[in-house]
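Heads up: the structure comes next, in C-alpha cells.
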Amino acid sequence: MLLDARGVTKLFGGFRAVAGADLAVADGEIVGLIGPNGAGKSTFFRCLAGDLVPSAGRVVFDGDDLTRASPEAHARAGIGRTFQVPATFADMTVLENVMVGAFLHHPGAREARARAREVLDLTGLAPLAGQRAGALGTPGRKRLEIARALATAPRLLLLDECLAGLTPVELRDAIDLVRKIHRLGVTLVIVEHVMEVIVTLAQRVLVFNEGHVIATGAPREVVADPAVIEAYLGRGYRERTDPAP
Amino acid sequence: MTLLQVVVGGLLLGAVYALFASGLTLIWGMMNFINFAHGEFVMLGMYAALLVVTWLGGGPALFALAAALVLFALGAAIYFGLIRHVLRGPMLAQILSTFGLALVLRYTAFWIFSANFVSLPQTALSGTLSIGGLLLPVPQLAAGVAALALTAGLHLLLTRTAVGSQLLAVAEDREAAMLVGIRPDRMQALAWGLAAGSAGLAGALMATAYPWSPSVGATFGLTAFITVTLGGFGSVPGALYAGLMVGAIQALSAYWLGPIYKDVVVYALFVALLWLRPQGLMGRA
Amino acid sequence: MSSDHWRRAGAALAVAALLAYPLAASSPYYLDIGVTVLLAAISASAWNILGGFAGQVSVGHGMFFGVGAYLPLLVYTLWGWPPMAGIPLGMLLAVGLAALIGAPTLRLTGHYFSMATIAVAELIRILVGTWGLVGAAIGLQGPATARGWWDLTFRDETPYYYIFLGVLAGVLALTHALQGRRLGYYMRAVKAGEAAARSLGVASRRTKLAALALSASLTALAGSLYVLKTGFVDPDSGFGILVSVQMVIVAALGGAGTLYGPLVGALILIPAQSWANSWLGGGGSGLTFVLYGGIIVLVARFEPGGLFELRRRMLRWRPERSRAA
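Taken in order, these protein sequences are the chains called A, B and C.
The opening position of the first sequence corresponds to residue 5 in the numbering used here, with each subsequent residue numbered one higher.
The opening position of the second sequence corresponds to residue 1054 in the numbering used here, with each subsequent residue numbered one higher.
The opening position of the third sequence corresponds to residue 80 in the numbering used here, with each subsequent residue numbered one higher.
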C-alpha cells in the first residue's frame, strides 16, 4: 500500500469531525472521497496532508509513519496537495509559483526553472508563465495549484475540490489534466462533493457522512447504496422508499 | 504587612490594566488584529479627563464618562477612516497602520501638552482609607474597584446581551453573521468604539491616582499586550486574571528590586512565557 | 528594448551621482545628509530582507542596531581594541538575539511577532540604561582622536561616505543574489501564504529564522557603521524607538520587498526630515515623529506597496488609457 490510514479520528472540542476513518490506497489508484457538506471528508483530507494532527489513528505513507509529521515533511515524503480555496502566491508570477515547488528536488535556480517550465508545458500554463498569479481567474488558479504541487514530483497527489465551480468546458479540460497526471504514474486522492465528476474519474470511492465512512467500493455500486442515497438526499427519502427500519 | 500593602496596591492598578487590556483582546478576538495604538488611547483618556476637569470642573463621574465617550467616538472614527481599509490588506499595512497612528497620537500629545508629567488637580477623591491596618489611598481604591466593576460589565455586555452576541457572532464567522442580517462593519466599528472607550475610561481612572506624560501610552500598550498574551487572546476573564497578576508582579518587583525594574520584570516574564507557553497561560493550545 | 536601454542609462547615471556626491556637496552639512541617507538605506535594506521579502514585520529592529552600535565602543572601552574589531562580535550577538526571539515567536501570527519585537527592544533599552558596564544611561564614547587608520576615526566625513556607499552596494548585491536563489523564493512564498508554501516542502520556520538572522546581522553592521561615524552611543540613539521606526518607514515608503525601495525611501525621507527639522526648530518638539507616523499611516492606508508599487501601477495605467482614447 502506498498510503495506509487507519482509524483516523479528529476531534474539535467535543465535536467528532472524523470518527475512525480507514483508507488504503495502492500505487497507481485514483480514489475519490465524497460526501455531503460537513461530512468530515475535508477534515480527513487535511489529516492526510499534514495540515491537522489526528486525535487518534495512524497515517503511514510508503512505510513511513507521517501521523504527526509537519506539512513540509509530507511534501518531502512525496505527498502533494491543493487547497479548497486556491492559495496561489498572488504577487509572484505563474512561473515563480511553480518554481517554489520545483525547488524541493532542484535546489539550484536554473534547474528549478527548467523543471518548472516542463510542468507548465504539461499543464498548459506555459503561455501564462510571466503573468502575476493574482491576475488569474479561479480555473487558472486551480490549475496553477495542481502545477505547483506537481513540480514537487509527488507520488501521491491530494486534490481538494479542484473541479468544483468550473464550467463544463473547464471541467472537461480539468478532467483531461487529472487523467494525464495519472498516466505519469501519480496516485490520486480526490475530494469532491459533486458525485457525477468522481464517478467518471475514480476507480474506487469512499463516502463520508457525519464523520464516518459509510460506504466504499466501485463508484457505480456505491451510488446505488441505500445508505449513500440517504446521506445525500436525507432520511425522509429513505423512509418513503424503504419502510422497513 | 508592608508586603500585603504592596500586593493590594498592585492588584488595584492591575484591575485598571485588566480594563484596558479587555479592549485589546476584544479587537484581537474579532479581527485577529493587534492595535498598536491601544496604549495611546489610555493616554488620551488621561488628557481628556484633565481637559474636562480644567475647563468644566465636575467630579470623577463626569470626566470619566466624558473620556469614555470621546474615546469611543475616536475609536469608531479610526475604524471607519483607517482600519476598515487595511483589514483585508497585506500584513505590513495592518501593522503599520496602527503603529503609525500610535506615533501620531503620542507625539501630537507631546507637541500640545509637552513632555512634562502632569496630574489631575485635587478632586473629591482624596485622602487615605485605613482598613484593618492596611492604608489605601482613596483614588487608587476607587480606580481599582471601578475598573473591576467595568471589566465585569464589559464581560456581561459581551456574553449576556443581544449586542454582545452579535459581536461574538461576527468574531465567530463573518459570513454567517451577514447571512442572519448582522452588519459586520457596524459591529467591528462598535468593537473599536468599546475598546477605545474602555481604554479611555481606564486612563481617566488612573489619572485620579497617578501622574502621567504623553509617553506612558507606549508602556501601557506593551502592558496590555503582555496581559492579553498571559490571559489568552480573545478572553475578557483571562485579561482580568492576567491584569491583576501583572499589577501584583509589577508592585512586588518595584518593592524588591527598585522602581526601574517594574517593567523590566514584566517584559522578561513575557519573553520567558514566549518560550514556555506561546499560546498564553490560559489560552488554548 | 528601448526601455531597457533607458533603464541602464538611468542606473549608470545614479551610480555616477552617488559616487560624485561628496565632490559636489558644497558644505559639511550636505555631506552629512549624504552620509545619513546611505546609513538609513543600509539599515532599511537590512530590515527589508525580513520585513519586505519574508513578510515578518519587526518594529523592534533597533535592538540589533543597538547591539551593533555598542559592541565596537565596548571593546574599545574595555580593552582598548580598535572599534572595528567589535563589528563581527556585534553581528554575531545580533544573530544570537535573533534566534532567541525568533525561535518562539515566528511560530505565531505576524502581529504577535511584531509586538514581541517591541517588547524585547524595550526590555533591552531599559536594561542597557541601568547597566554600568555598558555606560548605563550615559552611554559609551569612542577614541577622540585616531590612534591609527584602523580606528576609522576621521575628522572629515568623506571617508565615511565612501565606506558606507561600499557597504550599501554590498548589501544590495547580497539582497539581489538572495532574490535569485531558493531561499529568496521561499521567503516570498512564506510571505504570500505560509500554508501553501509548507505544502510545497518549504520549511517555513527555518526560512523565517534565516531571514531574521541575516537581517539582524546586517542591521547590526549598520549600527556599527553609525557608531564609527559618531564615536558615541547611548541607549536612545542605539536602541530607541526612533531607530526601529526609521528603518520601517524608509523601507515602506520606497517599497518594502523591492530591491531599491529602501534606497529610494532614504533619498526622499532623510533630506525631507533634515529640512523639516530646520524649519520646525529641531527634532525635540516631537513633530518629526508626527510626520513619520503620518507618512506610515498614509502609506499603509493608500499604498502599502510604497512608491515602487505606485510607479508600477501608473506605468500600467498609461498604455490602457491611450488605447481607450
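Cβ atoms here follow ideal geometry from the backbone N, Cα and C, with glycine treated the same way.
Tell me the DSSP secondary structure of Arg1337 (chain B) in three-state form. Low local confidence applies: a pLDDT of 45 at Arg1337 (chain B) is under 50, so the model's placement there is unreliable, and no value is given.
State the DSSP-derived secondary structure class of Pro383 (chain C), mapped to helix, strand or coil. Correct three-state label for Pro383 (chain C): coil.
If I measure Cβ to Cβ from Pro158 (chain A) and keep anything under 7 Å in the same chain, skipping five residues before and after, which residues do I get? Once the five neighbours on either side are set aside, the close Cβ partners of Pro158 (chain A) are Gly82, Ile83, Gly84 and Val190.
So for His78 (chain A), helix, strand or coil by DSSP? Three-state result, His78 (chain A): helix.
I'd like the list of long-range same chain contacts for Thr115 (chain C), defined as Cβ closer than 7 Å, with 5 residues on each side in sequence excluded. Ile349
Excluding the 5 residues preceding and the 5 following Asp69 (chain A) in the sequence, name in chain order all residues of the same chain whose CB lies nearer than 8 Å to its CB. Sequence-distant Cβ neighbours of Asp69 (chain A) in its own chain, meaning closer than 8 Å and more than five residues away, are Arg62 and Val63.
Based on the DSSP secondary-structure assignment, which residues constitute the bridge partners of Gly36 (chain A)? Looking at the DSSP assignment, Gly36 (chain A) forms a beta bridge with A:Ile194 and A:Val209.
Using a Cβ-Cβ cutoff of 9 Å, what residues of the region 1127-1149 of chain B are near chain C? List them in chain order. Gly1134, Leu1135, His1138, Val1139, Gly1142, Pro1143, Met1144, Leu1145, Ala1146, Gln1147, Ile1148 and Leu1149
Buried or exposed by the 16-neighbour rule on C-beta atoms within 10 Å, applied to Val213 (chain C): Within a 10 Å sphere around the beta-carbon of Val213 (chain C) sit 16 or more other beta-carbons, which makes this residue buried.
Under a CB-based cut-off of 7 Å, is Ile1184 (chain B) close to chain C? no
What are the residues of the region 51-76 of chain A that lie near chain C, defined by any Cβ-Cβ distance shorter than 9 Å? Ala53, Gly54, Asp55, Ser74, Pro75 and Glu76
Taking the alpha carbon of Val102 (chain A) as the reference point, which residue from A:Ala168, A:Thr171 and A:Arg119 has its own alpha carbon closest? A:Arg119
Any Cβ of chain B within less than 7 Å of the Cβ of Met266 (chain C)? no
State yes or no: is the beta carbon of Ala178 (chain C) nearer than 7 Å to at least one beta carbon in chain A? no
Using CA atoms only, rank isn't needed, just tell me which of B:Val1059, B:Thr1282 and B:Ala1120 is closest to Met1259 (chain B). B:Ala1120
Let's test the definition: count the other Cβ atoms within 10 Å of the Cβ of Val173 (chain A) and tell me whether it reaches 16, buried, or not, exposed. exposed
Would a check of beta-carbon distances place Ser296 (chain C) closer than 7 Å to chain B? no
Is the distance from the Cβ of Val1059 (chain B) to the Cβ of Tyr1320 (chain B) below 7 Å? At a Cβ-Cβ threshold of 7 Å, Val1059 (chain B) and Tyr1320 (chain B) do not count as neighbours.
Report buried or exposed for Met170 (chain C), applying the criterion of at least 16 other Cβ atoms within 10 angstroms of its Cβ. buried
Beta-carbon spacing of Phe1170 (chain B), Pro1264 (chain B) below 7 Å: yes
When you compare each of B:Gly1153, B:Pro1290 and B:Ala1202 to Val324 (chain C) by their alpha carbons, which one comes out closest? In this structure, B:Gly1153 is the residue among B:Gly1153, B:Pro1290 and B:Ala1202 with its C-alpha nearest to the C-alpha of Val324 (chain C).
Same chain, Cβ closer than 7 Å to Leu370 (chain C), neighbours up to 5 away in sequence not counted: Ala355
Residue ranges of each alpha helix (DSSP H) run of no fewer than 4 residues wholly in the region 255-284 of chain C, ordered along the chain? Within the region 255-284 of chain C, the complete alpha helix (DSSP H) runs of at least 4 residues are 261-271 and 273-278.
List the residues of chain A whose Cβ lies closer than 7 Å to the Cβ of Ile271 (chain C), in chain order. Ile is not the amino acid found at residue 271 (chain C); the sequence shown has Ala there. Within 7 Å Cβ-Cβ: Phe93, Ala94, Asp95 and Met96.
Cβ atoms of Gly1274 (chain B) and Gly1092 (chain B): under 7 Å apart, would you say? Going by C-beta atoms, Gly1092 (chain B) is nearer than 7 Å to Gly1274 (chain B).
Would you tell me roughly how many angstroms separate the C-alpha atoms of Lys14 (chain A) and Thr47 (chain A), rounded to the nearest one? 8 Å
Test: Ala88 (chain C) CB closer than 7 Å to a CB of chain A: no
Strand pairing of Lys14 (chain A), partner residues [DSSP]: Residue pairing for Lys14 (chain A): DSSP places it in a beta bridge opposite A:Val22.
Between the region 1220-1229 of chain B and the region 1237-1257 of chain B, are three or more C-beta pairs nearer than 8 Å? yes
According to DSSP, residues forming a beta bridge with Asp164 (chain A): A:Val195
Local conformation of Gly344 (chain C) per DSSP, three classes: helix
Give a yes or no on whether the C-beta atoms belonging to Leu129 (chain C) and Leu291 (chain C) are separated by under 7 Å. yes
Measuring only the C-alpha atoms, how far is Gln135 (chain C) from Gly189 (chain C)? Distance between the alpha carbons of Gln135 (chain C) and Gly189 (chain C): 6 Å.
Please list, in chain order, the chain B residues whose beta carbon lies closer than 8 Å to that of Glu388 (chain C). Result: empty, since nearest Cβ-Cβ is about 11 Å, beyond 8 Å.
Please classify Arg244 (chain A): is it buried, with 16 or more other beta-carbons within 10 angstroms of its beta-carbon, or exposed? Unreliable placement is indicated for Arg244 (chain A), whose pLDDT of 45 sits below 50; the coordinate value is still reported in the next sentence. With fewer than 16 other Cβ atoms within 10 Å, it is exposed.
Output the residue ranges of the alpha helix (DSSP H) runs that lie fully inside the region 96-157 of chain A and measure 4 residues or longer, sorted by chain position. 98-106, 113-127 and 142-154
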